[in-house]
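Respectively, the protein sequence lines represent chains A and B.
Our numbering numbers the first residue of the first sequence as 2 and each following residue consecutively.
Our numbering numbers the first residue of the second sequence as 378 and each following residue consecutively.
What follows is one structure encoded as structure tokens, with my remarks underneath.
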Amino acid sequence: MESSLILTLLTDDLLLKIISLLNDDFDRKSFRSTCKVFHRVDSLHRTHLRLLRPEFLSTLVVKFPCLNSVDLSACPRIDDGTIPFLLSSIHSVSPSWAAKIRRLNLSRCSGLRFPGLQMIVSFFVNLESVDVSYCCGFGDREAAVLSCLAGLRELNLDKCLYVTDVGLAKIVVGCPKLENLSLKWCFEVTDIGVELLSKKCSDLKRLDISYLKVTSESLLAVGRMERLEVLAMVGCSLVNDIGLHYLGKGCPSLQVLDISRCDKLSSSALVSVIKAHSGLLQLHASYSFFDIPVTFLHQFKDLKKLRTLRIDGARVSDSSFQIISVNCKALVEIGMGKCGGVSDTGIIQLVSGCVNLKVFNLTCCSDLTDSSIRAIAESCQDLSCLKLECCNLLSQKSLEYLGSHCVLLEEIDLTDCFGINDIGIRYLSKCSELVCLKLGLCANISNKGLSYIASNCPKIQELDLYRCPGISDDGLASLSVGCRKLRKLILSYCSAVTDRGMEHLGCLEQLSDLELRGLPNVTGTGLRAIAAGCRRLAESSLLLEPVVCGAMWKSRNGWSGTVGTTVCTEIEGKRQHVALIAAIRGVRSDVLDGGW
Amino acid sequence: MSSPEEKTLILKSSDNEEFLVKESVAVQCITIKNLVEDGCDLDAIPLLNVDSKNLAWIIEFMEKYADSTSTDAEKKDFDTEFVKKPFNDVLGLILAANYLNFPALMDVMCDACANEMKLWSVEQVREKFHIQNDYTEEEEKAVRAENFWAFE
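Below you can see the structure in the form of structure tokens.
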């Protein structure tokens, strides 16, 4: 194929088809940087923008004419003071742009209140989806502002702590087209609010009332929601079995039900829901029941379409597995974390029927041996996520089975699996699609094991090596060559790691999350190497006294951890680029920006 | 019930090689389907933008997908092996699939292309696509700065 022809032959729609398959923001940005043609195709067709700095918005508005979704949650300084300037700068470059925006994400913009929100809502008049979760100061005034968006279909009010039934009522009356509403942790909302919701928003399909202090009366109202498909009520500790009976008699369209951590519910009452909803697709009942009696599971014969079942924390028996394997062959996800009574016999029985499993949580099922894993691997070849934390009877044989049969495996948690060693990792590395690997507390893993991963698993993004004493600088060297997509790395208490290892980590451009607690041999020099290389880790410009490390780092979107600050200076060309590496609990980077 | 003799089409590549394909298989390519429906009565259907190398592969793919006895898992295995070709050939097949309007092949090849691109650096992408870097030094710096500071 003639090289000069390629770009002329690859039309825009072909390039667009390829771009649409590049979901990762890093990949898309690489695409843009390749040449002007690719840049143009990306710019012209980009529909979603997640802004990092508010000052760029007006220039980007002009470059991306097809935008319909804007995410400001990562942007510092979105507050009542800056909003007027931001909006007027956009208006001056592109007056019609705001009317095209349908989705707006203002999650965690805690500086925003009623005046700023009012301006935003008047500016983006056609919004259909708004996310103001974790704007903890939001209350009924802000809710009233949002109720002006008559076309609103999706609203996320999680942790808007001061929203009460009054605010909810305004929204419900002003936005009758609501289809998706999330009210997690809105503690002031009561049965009255939910009742009004059920009366006014007949199109509601998804509702999240987790952690609210609602009673069974709310479920009577919810039962009247004809179109409701997804109901999440995690941690609703005031709801009792009567509520489940109401649900059983109503919600004809229900497909997904989450009643995790509801301690007043009993499995026998859940039967009434199951009997009436044989089309149920997902049932999440983690940590709600002490045990799952066989009589309850017999009802599962009606749930032929069930794809997800989570019963973490409940005691099960061998006959439970038999019933599930016979009746629920469509299961794709099973959660049995911390379930008592999970044995090899049970698992072997289960996977003989449930061959479509992709996600399997067996955390703390410590009686399991290699025979279970063999059965899982041989039956469920589409397996993509397997959680085996604390399954300490497993040996390298388990990983051999997985490596041979489950080539699509993407995520595996082997934390505290003492029997796992380097040979096992060599087998596991045959799963070249691995994205997330957790090997915390695996004392028998060394640099050799890491080198197998580095050679064979190029897609790895998350690696947990917490307290793996066998890991040292050479292991990190192999990672820096083979795992270029690494984003999250935990090396806490890998005491053999020194500054040389940090230098290797500096080559990992996509590293955004790094835990380095308890590393006595890492000093400021090492941290400087990381600050220079891993640009995603260091984004703020500040000046502080250099301090010895021992810091835990997180990317700009979530700061937490132990107290300890370190600063490195790096001279880049003529500018002094000062990187802050701070680990201060709960403080957002924009606050640091202004305060220091 | 006996069906009438299955019509066979002759597909001619750009380098004049002829391939015999059953009509029911060939009409997975919408371009060919349209030609047949419009009553194209030529002895052989000329495919001016597809050479024999690509056409042979495309026919192999079409026959696998037209086969009603092959399961989804078998098709997936076939796809995995099929896309193990040098990148130039992957691009060639994308262009051919586009010309022939063959959605199934397009999806598989574009997926393969995107998967390879995910593991490459910017320089590698340029090399594999044979693209000249047409940014000036300042422009490239500006794009990188924009990518890094402005948005995700």
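Don't be surprised by glycine CBs; every beta carbon is placed ideally from N, CA and C.
Please read all numbers here as calculations on a predicted model, not as lab measurements.
query: A/Gly519 versus A/Ser493 - alpha carbon distance; result: 6 Å
query: Range covered by the beta strand (DSSP E) that runs through A/Arg311; result: 309-311
query: Neighbour list for A/Asp25 in chain B, Cβ cutoff strictly below 8 Å; result: Lys495
query: Whole-angstrom distance between B/Glu500 and A/Ile582, CA atom to CA atom; result: Model confidence at A/Ile582 stands at a pLDDT of 40, short of 50, so the residue's coordinates are unreliable and nothing is read from them.
query: Members of the region 10-35 of chain A near chain B, C-beta cut-off 8 Å; result: Leu10, Leu11, Thr12, Leu15, Lys18, Ile19, Leu22, Leu23, Asp25, Asp26, Asp28, Lys30, Ser31, Phe32, Arg33, Ser34, Thr35
query: Opposing strand residues paired with B/Pro423 [DSSP bridges]; result: B/Lys389
query: Exposed unless 16 or more other CB atoms sit within 10 angstroms - verdict on A/Gly404; result: buried
query: Contact list for A/His40 against chain B, beta-carbon separation under 8 Å; result: Val520
query: Chain-ordered neighbours of A/Ile7 on chain B, where CB pairs are closer than 8 Å; result: Leu468, Phe506, His507, Ile508
query: Where B/Cys417 falls, given that 16 or more other Cβ within 10 Å makes a residue buried; result: exposed
query: Three or more C-beta pairs below 8 Å linking the region 265-280 of chain A and the region 220-235 of chain A; result: no
query: Per-residue burial, B/Phe479 [other beta carbons within 10 Å of its own, 16 or more giving buried]; result: buried
query: Alpha carbon of A/Pro85 to alpha carbon of A/Leu179, nearest angstrom; result: 28 Å
query: Alpha-carbon to alpha-carbon, A/Leu205 and A/Arg47; result: 30 Å
query: Which of helix, strand or coil DSSP assigns to A/Gln511; result: coil
query: Length of the line joining the Cα atoms of A/Gly236 and A/Arg262; result: 5 Å
query: A/Asp209, enclosing beta strand (DSSP E) - first and last residue; result: 207-209
query: A/Glu230 versus A/Val523, A/Ala270, A/His278, A/Gly194, residue with shortest Cα-Cα distance; result: A/His278
query: Under the three-state DSSP convention, the category B/Lys495 falls into; result: helix
query: For A/Val257: DSSP bridge partner residues; result: A/Val231, A/Gln283
query: Residue span of the alpha helix (DSSP H) that contains A/Glu401, given as start and end; result: 397-406
query: Cβ of A/Phe57 within 8 Å of any chain B Cβ; result: yes
query: Inter-residue spacing [alpha-carbon to alpha-carbon] between A/Gln119 and A/Ser90; result: 17 Å
query: Presumed contact (8 Å Cβ cut-off) between A/Cys366 and A/Val343, rounded CB distance; result: 4 Å
query: Residue range of the beta strand (DSSP E) that includes A/Ile413; result: 412-414
query: Cβ separation of A/Leu515 and A/Leu490, assumed to be a contact under 8 Å, to the nearest whole Å; result: 5 Å
query: Interface flag, B/Ala491 vs chain A, CB-CB below 8 Å; result: yes
query: Three-way DSSP call (helix, strand, coil) for A/Val317 in this model; result: coil
query: First through last residue of the alpha helix (DSSP H) which encompasses A/Asn448; result: 448-457
query: One or two residues paired with A/Gly336 in a DSSP bridge; result: A/Arg311, A/Asn362
query: Within the region 113-174 of chain A, ranges of the alpha helix (DSSP H) (whole runs, at least 4 residues); result: 115-124, 141-147
query: Extent of the continuous alpha helix (DSSP H) run through A/Val482; result: 474-483
query: Interface flag, B/Glu514 vs chain A, CB-CB below 8 Å; result: no
query: Neighbour-count burial assignment, A/Lys575, 16 or more Cβ in a 10 Å radius; result: In this predicted model, A/Lys575 has a pLDDT of only 24, less than 50, meaning its place in the structure is not dependable; the value taken from the coordinates is given anyway. So A/Lys575 counts as exposed.
query: Chain A residues whose Cβ lies nearer than 7 Å to that of B/Leu472; result: Leu10
query: Under 8 Å by beta carbon: chain B residues contacting A/Pro459; result: Leu496
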